[in-house]
Structures are given as C-alpha cells and as structure tokens.
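Residue numbers (my numbering): 48 to 300. Worksheet: the structure to be examined is printed underneath.
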Amino acid sequence: MITGGARHLGYDGACVLAGAGADLVITSRTKSSAEETASKLRQTYGVDVLSLELDQSSHGGVQAAVELAQAWKGRLDILLNNAGGGSGKSVAFLFDRDPRDIDSMINVNLTGVIYCCREVGRIMQRQGRGKIINIASIAALLGRDRRMYEKHKMMGQPVDYAAAKAGVLGLTRDLAALLAPSGVYVNAISPGGFARGDLPESFIDDFADGTALGRMGRDGIDLKGAILFLASPASDYVVGHNLVVDGGFEMWH
Ligand SMILES: NC(=O)c1ccc[n+]([C@@H]2O[C@H](COP(=O)([O-])OP(=O)(O)OC[C@H]3O[C@@H](n4cnc5c(N)ncnc54)[C@H](O)[C@@H]3O)[C@@H](O)[C@H]2O)c1
C-alpha cells in the first residue's frame with residue numbers, strides 16, 4: 048500500500064515495487080488520479096492495482112481505506128507512507144503563517160502517518176510480518192539556509208514541516224521498537240531535494256552546488272533502490288533506521 052502513489056516519489060515507489068512483482072494499493076486524494084496511475088501500472092507491469100481515494104488527515108478516511116486495502120487480497124505486506132509535502136501555496140514564514148496552515152501541515156505529515164501506521168500496523172502484527180517505510184526528509188535533520196530561497200524569490204519551507212518530519216523519525220524509531228518483536232519492520236527514508244520542473248533553474252544549480260554529488264535527486268531514479276531495499280527481505284536485519292538519500296547534502300551541512 049502506497050499513500051500518495053499517483054505521482055512523483057510515491058509513483059516511483061509504485062513502479063519499483065510493481066517491477067519486483069508486488070500487487071499494489073495506491074491512494075490519492077482524488078480517486079480519478081489514483082485510478083489513472085493504477086491503469087498505467089497495470090499495463091506496464093502486469094500486476095493487480097487497487098486505486099483508493101484517501102485524505103489521511105481524517106482517521107475515519109484512513110480506517111475505511113485500510114479496510115478496503117486489506118480485504119482486497121486478504122493481507123498487507125508493505126506500507127509506504129509517502130503522502131505529505133512542504134509548504135504548498137501557504138505563507139511559510141512562521142510569524143506570518145496562518146495557524147490553520149500549521150495544524151494542517153502537522154495533520155497531513157505526522158498525524159496522518161501515525162493513523163496509517165496504526166491501522167496497517169495492527170494488521171501486520173496479526174499477520175506476524177510486514178514492512179513499514181515512512182518517508183521523512185532531510186528537513187528533519189537540518190536547519191534550512193533561507194537565504195537561498197529568498198535569493199530565488201521562493202516560498203521556502205515552514206518550520207512546522209521540519210517539525211512534522213522530525214516527528215516521523217521519532218515515530219519510526221519507537222514504532223520499530225514496538226513492532227519488531229512481532230516481525231514487523233519499521234524504517235524511514237529521508238530524501239534530499241528532488242529537481243522538479245516548477246523549480247527555478249538557478250535554484251536547482253545552487254542546490255546542486257551544496258550537494259556532494261553535485262546534483263539534486265532525479266524522479267524516476269534516485270529513490271527507487273532505497274524503497275526496494277527496505278521493502279524486501281534484503282533489509283531483514285535493518286530496523287528503526289533512517290536511510291538518508293540526498294546525494295550527500297546533509298553530510299556537507
Ligand atoms: N520532493 C522532494 O524534494 C522531497 C524531499 C524530501 C521529502 N519529500 C517527501 O516525499 C514525499 C513525497 O513527496 P513528493 O515530492 O513526491 O510530493 P508530491 O506533492 O508530488 O506528492 C505528495 C503526495 O501526497 C499526497 N497528499 C498530500 N496531502 C495528502 C493528504 N491530506 N492525504 C493523502 N494524501 C495526501 C498528494 O496527493 C501526493 O500524491 C512527501 O512525504 C514529501 O514530504 C519530498
């Protein structure tokens with residue numbers, strides 16, 4: 048089950064797991080985009096794909112989606128907790144930021160992830176096996192150099208995003224401790240910045256310059272290996288870990 052699996056990093060997770068033969072449940076806030084991606088995945092990889100609508104800030108919504116997901120094949124082996132994201136269109140600067148945007152940031156990026164872990168984790172505990180991968184961020188590990196965002200006239204990232212993602216790492220470690228004895232392995236991945244068409248070219252260059260490998264992450268390529276590793280038996284002695292996939296950005300800061 049991949050939350051926010053219809054595009055970008057969630058879609059990369061869907062592709063790499065489908066390529067390895069997994070049947071998938073993918074969720075999106077809109078059923079039509081989940082279904083559009085599902086049909087592409089079925090055609091490309093020949094696996095079964097169930098598309099579901101999910102807003103993970105609602106516990107009832109998570110419960111209902113997980114029930115459907117579990118009933119589909121009778122089990123859930125892997126949860127990729129990917130849905131979430133940065134500032135969107137809201138004002139990022141803390142003192143001007145609408146408190147409702149702060150609440151919503153924490154709800155989507157942290158509380159929603161806890162809900163998904165709660166509902167899927169209980170199924171995995173009953174099964175006596177499962178892998179949970181929580182997508183955090185280097186924002187959980189570092190303070191941002193905001194001069195870079197100002198220089199490129201960009202919105203920047205709100206501190207509550209960093210707080211939510213740091214919460215995801217705390218959740219990962221303690222949930223890993225809780226579930227490891229049941230055979231359920233919980234780990235996190237912290238991606239660095241991924242280059243997207245909507246980012247200014249000059250920002251991409253500056254970000255790349257601050258990265259040991261000299262480039263931002265690439266959609267469709269750079270996160271897939273980490274997801275496959277943590278989802279597969281290759282990582283069966285890895286638990287409560289945060290795998291940083293950032294081209295050496297954090298190492299240099
Ligand atoms: N893009 C990056 O550079 C980067 C870096 C570090 C971490 N991340 C993290 O990786 C994950 C995926 O990021 P992305 O860049 O692919 O983002 P994206 O915005 O393209 O995708 C995020 C997905 O989450 C879903 N989503 C958002 N709010 C939701 C809600 N309330 N309920 C359910 N689904 C919701 C969206 O529909 C979308 O499918 C996120 O958790 C993000 O914080 C991204």
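Glycine included, C-beta positions come from ideal geometry on N, C-alpha and C. The structure displayed is predicted, hence computed values, not measured ones.
Just to confirm, is the Cβ distance from residue i to residue j under 8 Å?
| i | j | result |
| --- | --- | --- |
| Leu101 | Val167 | no |
| Cys164 | Leu218 | yes |
| Gly203 | Ser137 | no |
| Leu277 | Ile182 | no |
| His199 | Phe241 | no |
Leaving out the 5 sequence neighbours to the left and right, which residues in its chain are closer than 6 Å to residue i when beta-carbon positions are compared?
| i | result |
| --- | --- |
| Gly159 | Gln103, Ser104 |
| Met171 | Gly177, Val231 |
Restricting to Cα atoms, I'd like to know which of the options is closest to residue i.
| i | options | result |
| --- | --- | --- |
| Lys78 | Arg147, Ala112, Ile268 | Ala112 |
| Arg197 | Ala53, Ala278, Pro247, Asp266 | Here residue 197 is Glu; the residue named in the question, Arg, does not match the sequence. Among Ala53, Ala278, Pro247, Asp266, the Cα nearest to that of Glu197 belongs to Pro247. |
| Lys212 | Ile153, Ser98, Phe276, Met263 | Ile153 |
| Ala186 | Met171, Val206, Met202, Gly177 | Val206 |
| Ala210 | Arg220, Ile149, His55, Trp119 | Ile149 |
| Asn129 | Tyr58, Leu141, Asp252, Arg262 | Tyr58 |
| Ala227 | Gly244, Gly264, Arg169 | Arg169 |
| Leu141 | Lys271, Pro280, Arg193 | Arg193 |
| Ser229 | Arg173, Arg144, Glu297 | Arg173 |
| Gly295 | Met201, Arg262, Asp221, Asn289 | Arg262 |
Sorted by chain position, which residues of the same chain lie with C-beta nearer than 7 Å to residue i's C-beta, five sequence neighbours on each side aside?
| i | result |
| --- | --- |
| Ile73 | Ile49, Gly52, Ala53, Ala61, Ala81, Thr84, Ala85, Val96, Ser98 |
| Leu216 | Ala183, Ala187, Ala235, Asn289 |
Starting from the C-beta of residue i, find all residues in its chain whose C-beta is less than 8 Å away, skip the five residues before and the five after it, and write them out in chain order.
| i | result |
| --- | --- |
| Leu88 | Ala61, Cys62, Ala65, Leu71, Ile73, Val94, Val96 |
| Lys271 | Asp59, Gly60, Cys62, Val63 |
| Asp293 | Ile185, Ser237, Pro238, Gly239, Gly240, Thr258, Gly264 |
I want to see whether chain C comes within less than 8 Å of residue i, judged by CB atoms only; does it?
| i | result |
| --- | --- |
| Arg220 | Protein chain content of the structure displayed is limited to a single chain, and chain C is not contained in it. |
Requested in this report: Decide yes or no for the touch test of the segment 225-244 against the segment 284-299: beta carbon pairs closer than 8 Å, at least 3 of them.
Outcome: yes
Query - Three CB pairs or more closer than 8 Å across the segment 54-72 and the segment 89-98 - result: yes
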